[in-house]
Amino acid sequence: MSRDDSSNRWFEPALFQHLPPEECRELLAAKSVGRVGFNGPEGVQVLPVNYVVHRRSIFFRTAADSALANAMRHSRVAFEIDDIDEFLQRGWSVVAVGDAELVDDQDTLVELWGEQGPKPWAVGLRTQFVRITPIRLTGRRVLQQ
């Protein structure tokens, strides 16, 4: 059996590489959709959001009166992005753990409402910006040997 036989890959161990923080930041800046994990009124929730990285923080928009906005008031959250190739069984993921807060600083809001701000895919009025300030940034890459 050759090592190129993908039907038997599950026998072979995957190689995990830890990503340095700078590469994690580069990957975060290159994507626009991630998932925010938080403890909400229904318990632990994970929701997809469109985001941008601005001044080393993660920003996304939500509805001002939403459960997500309420859960982001001075909360510790997790934010995750990834890129997975299921066929080749490889990919990477980055997790940022940090403090979330609703943005009310006028200068920051002016910058975010400009061209660089996040553009939500979800319908509805999403005027509340949320900032996640990472305190821990980790990542890993998985490759087949």
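Counting from 1, position 96 in the sequence shown corresponds to residue 95 in numbering that gives the first Met the number 0; the numbering is continuous, with no gaps.
Each residue gets a CB set at the ideal place from its N, CA and C atoms; glycine is no exception.
Predicted model, so just to flag it, every value in this text is computed and none were measured.
- When the Cα atoms are used, F15 and I83 turn out to be separated by approximately 14 Å.
- DSSP, reduced to helix, strand and coil, places Q115 outside both helices and strands of the structure shown, so it counts as coil.
- Comparing alpha carbon positions, the residue from R130, L26, A77 closest to D103 is R130.
- Of the residues assessed, Q127 falls on the buried side of the cut-off, its CB having 16 or more other CB atoms within 10 angstroms.
- Shortest Cα-Cα distance from R34 to any of A99, Y50, P133, Q88 involves Y50.
- By the CB criterion at 8 Å, L124 and R24 fall outside the cutoff.
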